[in-house]
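Taking my numbering, the leading residue of the sequence shown gets 10, the next gets one more, and so forth. Backbone N, C-alpha and C fix where the C-beta goes; we use that ideal spot for every residue, glycine too.
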Amino acid sequence: MRVITLAALCDKYSMAMPPVPNLDADKGERYVNFDQFKDLYLAAVGSLRQPEDMERVVREVVQDAANDGVRWLELHFYAGFEAYRRTLGPPEIVWTIVRRAAVKAGQEFGVKVGFIAAAERYLDPADAVETAQLAVRIMQHSRDKDGAELAPIVGFGLQLGTIANNSSAFFRISAVTASPMCVQ
Numbered sequence: 010m011r012v013i014t015l016a017a018l019c020d021k022y023s024m025a026m027p028p029v030p031n032l033d034a035d036k037g038e039r040y041v042n043f044d045q046f047k048d049l050y051l052a053a054v055g056s057l058r059q060p061e062d063m064e065r066v067v068r069e070v071v072q073d074a075a076n077d078g079v080r081w082l083e084l085h086f087y088a089g090f091e092a093y094r095r096t097l098g099p100p101e102i103v104w105t106i107v108r109r110a111a112v113k114a115g116q117e118f119g120v121k122v123g124f125i126a127a128a129e130r131y132l133d134p135a136d137a138v139e140t141a142q143l144a145v146r147i148m149q150h151s152r153d154k155d156g157a158e159l160a161p162i163v164g165f166g167l168q169l170g171t172i173a174n175n176s177s178a179f180f181r182i183s184a185v186t187a188s189p190m191c192v193q
């Protein structure tokens, strides 16, 4: 998410904007600590409250990728955040929003987009099973109920730190659901 977008959404919803470090990845600059990153991450998740918010972020990500010369983009995405459930609906609806937005943005900027259905390592592995099963169910559908094209779900992966749950349980989840596996 662009910093300017996060600022606009924080303003729109009267949320406190967390401090944003001025980092230059080309110089190897990194966040001072994980909490600094986490605060921005949680603010970003919490600021996506309407379909148009999610659509804006997807469009900007695809646009930025196109500007960097990307023609195929795989986005890690977790649709099960409680913040999304409260404001956008269940994961199935959230997936439809982002998959439809990705196709629209991809057509606009000449980038094909696929999604990796992400499981959060810090959650119970049962959540990962639910996420993988949902991904397998919805990846079968390339169009929404109105006939609009949806970006594909091309894999299942992990995100966030490895301390909470090791990867072996998640490989078993992938095997049980017969989903492709991408571990990150």
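In this structure, DSSP gives glutamate 91 a helical state, which the three-state scheme calls helix. Assigned with DSSP and collapsed to three states, glycine 37 falls in coil, not helix or strand.
Annotation for valine 79: no alpha helix (DSSP H) segment contains it, and DSSP assigns it neither H nor E. Contact check for leucine 167 against alanine 126 fails: the beta carbons are separated by 8 Å or more. Taking every protein chain shown into account, the CB of arginine 39 has fewer than 16 other CB atoms within 10 angstroms, so this residue is exposed. With contacts defined by Cβ atoms closer than 8 Å, valine 122 and alanine 111 form a contacting pair. Our two residues, glutamine 142 and arginine 94, have alpha carbons roughly 18 Å apart in a direct line. Residues of the same chain with their beta carbon placed closer than 6 Å to that of lysine 21 are lacking, with the five preceding and five following residues left out of the count.
If you draw a straight line from the Cα of asparagine 42 to the Cα of tyrosine 50, it comes to about 13 Å.
In this structure, Ile13 is the residue among Gly55, Gln149, Val163 and Ile13 with its C-alpha nearest to the C-alpha of valine 70.
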